[in-house]
Structure formats: structure tokens, C-alpha cells
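2 protein chains.
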Amino acid sequence: MGKLVIVGTVAFDEIETPFGKTDKILGGAATFISLAASQFDVDSAIVSVVGEDFPQQYLDLLKNKNIDISQLQVIKGGKTFYWKGKYHNDLNSRDTLVTELNTLADFNPVVPSYYSGAEVVMLGNLHPGVQLSVINQMTKRPKLIILDTMNFWMDNALDDLLETIKHIDVITINDEEARQLTGEYSLVKAARKIYDMGPKYVVIKKGEHGALLFNREQIFFAPALPLEEVFDPTGAGDTFAGGFSGYLAATGDVSFENMKKAVIHGSNLASFCVERFGTERMINLDKKEINKRLHQFKALTQFEIELN
Amino acid sequence: MGKLVIVGTVAFDEIETPFGKTDKILGGAATFISLAASQFDVDSAIVSVVGEDFPQQYLDLLKNKNIDISQLQVIKGGKTFYWKGKYHNDLNSRDTLVTELNTLADFNPVVPSYYSGAEVVMLGNLHPGVQLSVINQMTKRPKLIILDTMNFWMDNALDDLLETIKHIDVITINDEEARQLTGEYSLVKAARKIYDMGPKYVVIKKGEHGALLFNREQIFFAPALPLEEVFDPTGAGDTFAGGFSGYLAATGDVSFENMKKAVIHGSNLASFCVERFGTERMINLDKKEINKRLHQFKALTQFEIELN
Numbered sequence: 001m002g003k004l005v006i007v008g009t010v011a012f013d014e015i016e017t018p019f020g021k022t023d024k025i026l027g028g029a030a031t032f033i034s035l036a037a038s039q040f041d042v043d044s045a046i047v048s049v050v051g052e053d054f055p056q057q058y059l060d061l062l063k064n065k066n067i068d069i070s071q072l073q074v075i076k077g078g079k080t081f082y083w084k085g086k087y088h089n090d091l092n093s094r095d096t097l098v099t100e101l102n103t104l105a106d107f108n109p110v111v112p113s114y115y116s117g118a119e120v121v122m123l124g125n126l127h128p129g130v131q132l133s134v135i136n137q138m139t140k141r142p143k144l145i146i147l148d149t150m151n152f153w154m155d156n157a158l159d160d161l162l163e164t165i166k167h168i169d170v171i172t173i174n175d176e177e178a179r180q181l182t183g184e185y186s187l188v189k190a191a192r193k194i195y196d197m198g199p200k201y202v203v204i205k206k207g208e209h210g211a212l213l214f215n216r217e218q219i220f221f222a223p224a225l226p227l228e229e230v231f232d233p234t235g236a237g238d239t240f241a242g243g244f245s246g247y248l249a250a251t252g253d254v255s256f257e258n259m260k261k262a263v264i265h266g267s268n269l270a271s272f273c274v275e276r277f278g279t280e281r282m283i284n285l286d287k288k289e290i291n292k293r294l295h296q297f298k299a300l301t302q303f304e305i306e307l308n
Numbered sequence: 001m002g003k004l005v006i007v008g009t010v011a012f013d014e015i016e017t018p019f020g021k022t023d024k025i026l027g028g029a030a031t032f033i034s035l036a037a038s039q040f041d042v043d044s045a046i047v048s049v050v051g052e053d054f055p056q057q058y059l060d061l062l063k064n065k066n067i068d069i070s071q072l073q074v075i076k077g078g079k080t081f082y083w084k085g086k087y088h089n090d091l092n093s094r095d096t097l098v099t100e101l102n103t104l105a106d107f108n109p110v111v112p113s114y115y116s117g118a119e120v121v122m123l124g125n126l127h128p129g130v131q132l133s134v135i136n137q138m139t140k141r142p143k144l145i146i147l148d149t150m151n152f153w154m155d156n157a158l159d160d161l162l163e164t165i166k167h168i169d170v171i172t173i174n175d176e177e178a179r180q181l182t183g184e185y186s187l188v189k190a191a192r193k194i195y196d197m198g199p200k201y202v203v204i205k206k207g208e209h210g211a212l213l214f215n216r217e218q219i220f221f222a223p224a225l226p227l228e229e230v231f232d233p234t235g236a237g238d239t240f241a242g243g244f245s246g247y248l249a250a251t252g253d254v255s256f257e258n259m260k261k262a263v264i265h266g267s268n269l270a271s272f273c274v275e276r277f278g279t280e281r282m283i284n285l286d287k288k289e290i291n292k293r294l295h296q297f298k299a300l301t302q303f304e305i306e307l308n
């Protein structure tokens, strides 16, 4: 059983999609990552912060999934990070209506000592300076450091982001972000420019169009499972990252071949996430459903062809 | 060796992309379809029309690929169908600048008698009434009738299109067109509505995001090969259709398993088409290159995963 350090927001989300709207519900990158990773045989810890307004039931929920929350700091008198967003009709784009950083503004991450030698570090979307602080607290170079980020940091903290990227192994971003970061339209060329920034692996998330895994020699592609209903895309990218990092931490094998499987596991779990609002589907997900859908992934993509 | 009837435009295209522009060059759906199909062991015939301005060298080119052009009518004093378009920077959208139907306006398709019992009919993008006329000329129900169409006919000849669709087996359209035709955003639901219109199989082309093959029970997905350079998308969808129909005609096997292979062959050939303007890359394409890229397709998509 490998150890996994998860950094990212633990948040209140308020979501509107064409299919309905929520009140403030449980959200945040670290939340989705940890719930997905909890499907694998892994010791994981969340490094994050919330306010005193964060309900005990949410803390209990994470604890009951065997997620270490000893360094999920609860700031007295503080308020939890809050995001409110509205998705457009095609669900491929959204408007952020409210972002309140609250306790996240002064967050000093602390890696629990039991996890300072963890095999895998999953840096969920956060300020790149916070992500780097976590890397610096690791007493042993992890087998794999994975970083998720977004265009917001490219616009507002590019120098910090470029510094942090130097120290990681895998970056996960979406196709538009890969293009923004590199100025290259071709994703093949974009990946090549990103290797020169530090990462040895590039994962490009394309939402409903699947995900690409690149290293200098190989490319692997996993589609998103075509679904009857996509209800709420919130957290799908984080769920992908959680499945990816959780599987790699559980297996301890960071070869390209095993990363391919990790991409499939991540895509598989993300396909559940979007079927309900927020974390609802991820909280109540059993191994049988997961396995059934892995079979569907195989049927969707595998073929026999005569090659010379 | 199976027989394949190919219907569609044979045209002059004038193309501008971010990478350059052309004069009037060889284009048209039937041209791209037949060039792709010519990579397989198939007897194929083009049913189409051009004007007296159509160069003999283009006719010779098609003949030299063993394509029967006895019913590629050359109208004395007539002009060949002409399309001029300009692609936007991301190559995913384009503006049509000029469309001159010319001889196509009064086109009466004639299926060569040698082909009236052909196993496969590939109805390239054309007025659905012309497509239906070809179906009606087949003396024996073909094993497979494949129809490609576009939003233009949904906007301008929907009743004709719905009538023609009743008589076909496979429809190939892009994702936006599937949504337009059915009013369903989910492609899974869209495919289901299309079965009720007639086709047993639905192929949804997503350009750089790959292609989906549906029947009532199964879904298969083939990605587009990530490329260093996409130069000109013109004809990629037709090349896909040509590879798909050509492979099925050559093998004579219209099972879902074999259609999966046909989708891979179609995607593989389309990946070459976009690397140069117009038909340039398709005209000079050898089996070795094709086979090498099939290996890449396999590496891109195939994985081993433990399933319970």
C-alpha cells in the first residue's frame, strides 16, 4: 500500500447547470482527488485548509473513506473557500460567478510527518507557490510528483508556476491550457515544449473528448465514456487526477505502461463523477459498478487488426 | 474483391488555411472517398459529374488508381462544381466563400451496370434525392449502404434526407449534425433517435477528437492520431468514409467487429489527408507508411488492464 499526499482546495461549491442548481455543497480539488484515490489500496492524506463553517459531517465523510485529514487545517473564525459557477448549455464552458478565497488566502500547507516520504504527491489546482512548498517538505524525493493547474495561474502567477513545474514529473492540464502555456496549437508540439520546462510526462485533459498521455517517445489516448446524461462536470478533472494518482500510488509502478492503466482508471472514475451534482456519485460508488464500466472502456477502445 | 459504388462531388476546391492558399485544385467528396478506398482490394466506381473544364490529367489520375470513371459524366460546355473556403486559425471551423453548383445542378446519376449488384454503396455528401436515386438503381440490395451528409441538407432538404435515411444502413455525420438532426445533446441519445429513422449503425465524426461507431448494443471509439502538423482539413471526413467503406467492401464482412477495423482504417487514412493541401498526400501514399501508422494507432489506444 503506497502513500499519497494530496494538496488542493477543500471547498463549498454552488453550482448551476442546465439541469438544476445546488446550495453550497462539498467541493474542492483535494476533495474530488481524495474520493477517487480512496477507490485504491492507498494511504492518502489531504493537505488543505477550511474554515470553522465547514461541517463536521464532511470531515467525517472523508475520515470514513480512510483519508488522513490531520493536516486539513480548520481555522477558527475562518470561512471555507467558496466557488459559485454556472455552466452553459453545452456543459463545455462555464462562468465563475463568485470566488471567495477566505482561509485559503493565508494557507501554509503542512505535510504530515508520516507522509513526508510518500511515493506519490498529487498537487491539485492551487497557487503554484503552495504546491512548491509541499514539494519542499518531502524528506525523500517522491517516485512521482503530479501537478494539476489551470489558466488562472498562467495569467496571474506564471513565474511561480514555471518554477514549480521544474520540480515535477507529470503535469495535467487541458488542451487550451497546453496551448496557452506553450504557444503551440499542435498538442504534440505543445507536449514537447513542456518537457523542456521540467515534466517528463504530459497529460492533456480534453473533457468529453478524452485524455492524452505523452512522454518523449510515446502517446496514449483514453476516450471519455459516451454517457446518456452528463449532469454536472464539476470535479471531473480532479476525479481523473485522483484516479490516476491513486492507482499509481497503490501499485508503486510509474512505468509508461502502468500510467496507461492509470489514465484508464482516472477516465473511468471521472465518468461517474459527472452523473450527479458535486461529489454525490463519488461518495456512493461501489467496486462492482467501477469494474463493470472498466469492461465498457475495454469494449469501447480495443480492437484486433492485421498488421504487417 | 468486392465492388463499391461511390457517389459524391468531383470538384475544384480553392482553399485558404493559416498555412497558405491554393489555386483551383482537385477536390470533391467522391474524389477523396475513391482515393482512400483505392488503398484496398476493391473494384470501385465513381458516379458523379464534371464539366468540360475538368482536366484530363485528373481523369487519368483516378483511372490510374483503378477507379472506374465510366459514369463520371463529362458535360460538354458545362463547368465543374467549385467550392472556395477559408479555414479559421484553429482549423476547426471554416467559412465557405464561394459555392458554384454548375453541372451538379442538373445531375442525373447513373450506376454502371457492372456495379448494380455491388456489395457496398458509399453515398458521399450530395443532395439526398441524388443519393436515393443511386440506391434505387441497385438491382440487388447491397450488403451495406453508407450515407454521409451535412447540416446544409438538414437545413435545406430535410424531408428528402429523412426519406433517403430510411433506406440506408450506416450514417456518418459530425457531432453537431447529430445533435441538429435529433435535438439531443448526448450523442448516445442522438444515436438512439437515429436508429428509429432507419440506420442500424451511426458513425459520429469528431474531427481532431476522433470518431464513434454505434449500434444499438455497442459503442466503439477511434481517436484521431495526434499530429505534429495539421495543414488542411479539407477531405478528411470523406477520406475517413473512403477508408471505412473501402475496407468493408474489400473484406465483404459487415459485422460490428469488422466495422471497428474499418473505423480504424478510415481514421488512419484521414490522418494522412490533413498533412497536405487537398488530395496531395493521398495521391502519393504507400502501403508502408499506412502500415506504420496503423502500428501507431494500436500503440495509441491499446492497453492491458486487470478486470474482474
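If you read the sequences in order, they're chains A and B.
Residues in the first sequence are numbered from 1 upward in steps of one, following the UniProt record's numbering.
Residues in the second sequence are numbered from 1 upward in steps of one, following the UniProt record's numbering.
Even glycine gets a Cβ: it sits at the ideal position worked out from N, Cα and C.
This structure is a prediction, so every number in the text was calculated from the model and none was measured.
Going by DSSP, what residues sit across from residue i in a beta bridge?
i	result
Ile25 of chain A	A:Asp13
Ile305 of chain A	Ile305 of chain A pairs with nothing; no bridge assigned.
Arg141 of chain A	Looking at the DSSP assignment, Arg141 of chain A forms no beta bridge with any residue, so it has no partner.
Met122 of chain A	A:Ile6, A:Ile146
Asn174 of chain A	A:Lys205
Trp153 of chain A	Its beta-bridge partners do not exist; DSSP assigns none.
Gly20 of chain A	A:Thr17
Ser48 of chain B	B:Leu72
Val42 of chain A	A:Gly2
For residue i, count the other beta carbons within 10 Å of its own beta carbon; 16 or more makes it buried, fewer makes it exposed. Which is it?
i	result
Thr80 of chain A	buried
Gly77 of chain B	exposed
Glu102 of chain A	For the sequence presented, residue 102 of chain A should be read as Asn rather than Glu. Counting Cβ neighbours within 10 Å, Asn102 of chain A comes out buried, since at least 16 surround it.
Tyr201 of chain A	buried
Leu158 of chain B	exposed
Met1 of chain B	exposed
Arg281 of chain A	buried
Leu72 of chain B	buried
Asp41 of chain B	exposed
Tyr114 of chain A	exposed
Val120 of chain A	buried
Asn125 of chain B	buried
Ser255 of chain B	exposed
Val5 of chain A	buried
Gln56 of chain B	exposed
Pro223 of chain B	buried
Ala191 of chain A	buried
Phe19 of chain A	exposed
Asp13 of chain A	buried
Return the first residue and the last residue of the beta strand (DSSP E) that residue i is part of.
i	result
Ser245 of chain B	Not the beta strand (DSSP E): Ser245 of chain B falls in the alpha helix (DSSP H), residues 236-251.
Ile219 of chain A	219-222
Leu213 of chain A	211-214
Suppose the cutoff is 6 Å on Cβ atoms and the five residues either side in sequence are ignored; what does the same chain contact list for residue i look like?
i	result
Leu123 of chain B	Val7, Gln131, Leu147
Pro233 of chain A	Leu91, Val274
Phe54 of chain B	Thr80
Glu16 of chain B	Lys86
Met68 of chain A	It should be noted that the sequence gives Asp, not Met, for residue 68 of chain A. Excluding positions up to five away in sequence, the list reads Ala45.
Phe244 of chain A	Ala262, Gly266
Phe220 of chain A	Leu213, Lys260
Gly235 of chain B	Phe32, Cys273
Met197 of chain A	Ile165
Asp43 of chain B	Met1, Lys3
Considering just the uninterrupted stretch of the alpha helix (DSSP H) at residue i, what are its terminal residues?
i	result
Ser271 of chain B	256-273
Tyr185 of chain B	Tyr185 of chain B -> no alpha helix (DSSP H), and no H or E assigned at all.
Thr164 of chain A	158-165
Met282 of chain A	280-283
Which residues in the same chain as residue i place their Cβ atom closer than 8 Å to its Cβ, once the five residues preceding and following it in sequence are excluded?
i	result
Leu161 of chain A	Pro128, Thr149, Trp153, Met154
Thr139 of chain B	Ser116, Gly117
Leu61 of chain A	Leu26, Ile283
For residue i, which residues from the same chain have a beta carbon less than 7 Å from its beta carbon, with the 5 sequence-adjacent residues on both sides left out?
i	result
Ser133 of chain B	Pro109
Phe107 of chain A	Val49, Val130
Ala36 of chain A	Thr239, Gly242, Gly243, Gly246, Leu269, Met282
Leu187 of chain A	Asp175, Ala178, Ile204, Leu212
Under 9 Å between beta-carbons, which chain E residues line up against residue i? List them in chain order, please.
i	result
His88 of chain A	Here the protein chains are A and B, and chain E is not one of them.
Self-check item: Ordered list of alpha helix (DSSP H) runs contained in the segment 52-135 of chain B, each at least 4 residues
Solution: 56-64
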